[in-house]
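One structure is given here, and the rest of the page talks about it.
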Amino acid sequence: MSHMHLELDAPPALPEGGLRVIPLGGLGEIGRNMTSFEYGGKIVIVDCGVLFPEETQPGVDLILPDFGPIRDRLKDVVGIVLTHGHEDHIGGVPYLLRERGNIPIIGSKLTLAFLDPKLKEHKLKDAPKYEVSEGDIMDLGPFELEFVAVNHSIPDALAVAIKTPAGVALHTGDFKMDQLPLDGRITDLRAFARLGEEGVDLFLTDSTNAEVPGFTTSERNITPAIDAVFQNSTGRIIVASFASHIHRVQQVIDAAAKHGRKVAYVGRSMVRNMQIARELGYLHVPDGVVVDRIDAAPPNKMVLMSTGSQGEPMAALSRMANNSHQQVSLEPGDTVLMASSLIPGNENAIYRVVDGLTKLGANVVHKGNALVHVSGHASAGELLYCYNIVQPTNVLPVHGEIRHLHANAKLATQTGVPNVILAEDGYVIDLVDGHASITGAVDVGYVYVDGSSVGDLTDSELKDRRVLAEEGFVSVVVVIDSATGKILSGPEIHARGIAEDDKAFDEIVPKLVAALEEALSEGTRDNRQLQQVIRRVIGSFVGRRLRRRPMILPVVIEA
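FYI, UniProt numbering numbers position 288 of the sequence shown as 288, with every residue one higher than the one before it.
See below:
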């Protein structure tokens with residue numbers, strides 16, 4: 001676990017009648033979204049997602065929000081509200097429920113359906129679940145929650161208005177204002193306007209596309225590009241998308257039906273999610289289009305709907321690019337359609353996959369050379385509309401990296417919002433008498449999921465992993481006579497991950513022996529001190545002679 005120490009004091013006690021908001025993840029990053037709202041001694045949480053690791057975090061599976069600031073107060077949590085079913089908003093829920101398993105969960109039908117397999121995987125059965133939809137109003141402790149339909153890249157997304165005597169906080173979740181959505185479900189601007197008329201004291205808005213001018217392109221506009229891929233492809237078509245992007249899968253299925261192709265799902269999460277979506281009526285499949293086998297039709301009549309659009313090493317598309325997929329072998333003439341955006345931080349991994357696919361002879365169509373994906377987030381023009389409609393008193397930009405938050409804050413200021421707050425994870429924002437301000441900070445950081453370990457991995461250990469990966473390691477074994485203090489055996493030096501064989505260290509052995517004998521002659525018997533002598537001599541030699549800084553593992557054995 002890593003900690004970010006903010007240059008702010010711990011917050012004072014929340015004034016009576018005030019609303020306290022603490023972002024525990026999602027501000028300054030794309031992922032692990034989680035925000036705590038406290039009023040009257042009770043807490044409601046909005047979203048609890050994960051962040052996927054970057055190349056500088058080797059071996060890490062997932063990164064969670066930091067539950068530390070609320071861990072001692074889990075008994076006061078009256079519920080977790082989930083705005084939609086993406087991993088960066090629901091993926092952390094099982095880990096929070098492992099600390100208190102009966103926290104009520106509130107979400108839309110599809111969101112709860114996508115969460116269910118995760119809870120079963122973690123053997124969590126105690127959490128009560130409450131299904132809500134747009135227009136619903138729900139009392140939860142001292143909070144009154146009103147749910148508002150918003151359009152996003154996944155169906156059934158909701159904004160939530162959190163009403164307390166301290167004021168009204170409106171959290172958009174992830175949203176955009178597509179006026180011609182594929183499912184006909186638009187962002188309910190009438191509800192936004194009504195809430196604005198009633199008074200929104202704190203508006204928490206999606207910042208992801210705040211730097212992008214204008215309006216986000218409609219999902220319908222990419223249908224011709226997808227259709228063109230099907231029209232021009234003579235071999236098999238592999239489409240890579242998020243396993244939760246039901247709208248995109250629907251477009252692919254429609255194109256396949258039009259061009260007489262069969263569709264097979266590849267990847268466990270894709271199979272599971274599309275089965276859920278179909279059973280709940282969010283995905284409409286013509287009879288006979290979706291098949292169970294990838295070879296159910298000739299290659300020129302097959303479409304494979306795959307996971308791995310972000311270059312994830314173990315996902316189906318990456319294994320195809322590496323020619324290591326057990327079922328799918330790409331051939332010249334195949335077309336790969338990458339129907340997704342590039343999540344910041346994933347660019348290198350994605351382009352490695354594109355290069356691998358191209359090397360195997362596939363024609364790769366992606367956002368860089370065709371209009372095959374549009375964002376699920378509101379651009380600057382849409383955010384300006386929302387600010388003018390809602391006319392909030394205070395704005396807190398959320399969901400985005402630092403530059404996105406600043407761009408969103410600038411838009412709010414331009415529309416005349418009286419008070420705009422720029423915060424990061426761990427900042428404490430109190431809404432008192434209609435005015436929101438930063439009153440302090442709590443210590444938060446990254447919580448790493450590393451195999452079965454949760455929160456045990458430290459930044460220091462991650463640094464060790466990077467050193468091992470980039471510089472290699474040198475082990476040194478020496479045996480000392482505990483009675484006489486003489487060297488009985490060694491030093492034996494072995495290197496791994498260094499472009500030199502062990503003989504390269506022959507010239508330093510006499511100097512190392514001399515340094516050890518000098519330390520021993522001075523009465524040094526402490527193994528740790530002797531290990532430091534080894535590290536110093538070997539480190540100096542390797543740095544000067546080999547120009548490397550490997551991890552050095554000295555082993556001193558007393559006989």
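Positions of the beta carbon are idealized from the N, C-alpha and C atoms, including for glycine.
Bridge partners - residue i, DSSP secondary structure assignment
i	result
S475	H494 and L553
N151	K176
S306	A240 and V266
F143	L140
S489	V479
V81	V46 and I106
E558	I480
Spatial neighbours of residue i in its chain, beta-carbon cut-off 6 Å, leaving aside the 5 residues before and after
i	result
I186	N151
R98	none
L371	I222 and A225
F192	I389 and V390
P12	none
L8	G440 and A441
V271	Y265
Residue burial classification, residue i (beta-carbon count within 10 angstroms, cutoff 16)
i	result
R248	buried
Q414	exposed
A514	exposed
G31	buried
A559	exposed
A161	buried
Q250	buried
P213	exposed
H5	Note that H5 scores a pLDDT of 45, beneath 50, so its modelled location is shaky; the value from the coordinates is reported in the next line. Under this definition H5 is an exposed residue.
G135	exposed
H86	buried
T335	buried
G49	buried
R547	exposed
N209	buried
K367	buried
I402	exposed
L462	buried
T393	buried
Close-in-space but distant-in-sequence residues of the same chain around residue i (CB under 7 Å, 5 per side omitted)
i	result
P23	T35, V398, A423, D425 and Y427
P181	N151 and E219
residue 560	Coverage of the chain is limited to positions 1 through 559, which leaves residue 560 absent and any answer about it impossible.
Q556	Note on identity: in this sequence residue 556 is Val, with Gln being the wrong assignment. Counting only Cβ-Cβ distances below 7 Å, and skipping sequence neighbours, we find V478, I480, N527, L530 and Q531.
residue 603	This structure cannot settle anything about residue 603, because the visible part of the chain is limited to 1 through 559.
H3	At H3, the pLDDT of 42 sits below 50, so the modelled position is not reliable and the matter cannot be decided from this model.
P69	I22, L24, V442 and V444
N-terminal and C-terminal residue of the alpha helix (DSSP H) that residue i is part of
i	result
P117	K109 to E121
I246	I246 to K258
P510	V509 to S521
D292	First-last for D292: undefined, no H or E at that position.
V537	N527 to F541
Y95	V93 to L97
D88	E87 to I90
Delimiting residues of the beta strand (DSSP E) encompassing residue i
i	result
L140	I137 to L140
Y130	K129 to E131
N394	N394 to V398
Own chain residues within Cβ distance below 8 Å of residue i, not counting five before or after
i	result
Q231	H259
T234	N300 and G333
Taking only runs that begin and end inside the stretch 316-382, name each unbroken beta strand (DSSP E) of 3 or more residues, in chain order. Secondary structure remark: continuous beta strand (DSSP E) runs of at least 3 residues inside the stretch 316-382, in chain order: 335-338 and 363-365.
Can you list, in chain order, the stretches of the beta strand (DSSP E) that have 3 or more residues and sit fully within the stretch 12-79? Counting only runs of 3+ residues, the beta strand (DSSP E) found wholly inside the stretch 12-79 occupies 19-25, 34-39, 42-46 and 62-64, in chain order.
What runs of the beta strand (DSSP E), each 3 residues or longer, lie entirely inside the stretch 157-231? Unbroken beta strand (DSSP E) stretches of 3 residues or longer found wholly inside the stretch 157-231: 158-164, 167-171 and 202-206, given in chain order.
Tell me the start and end of each unbroken beta strand (DSSP E) in the stretch 383-446 that is at least 3 residues and wholly inside, in chain order. Fully enclosed beta strand (DSSP E) runs of 3 or longer: 394-398, 427-432 and 435-441.
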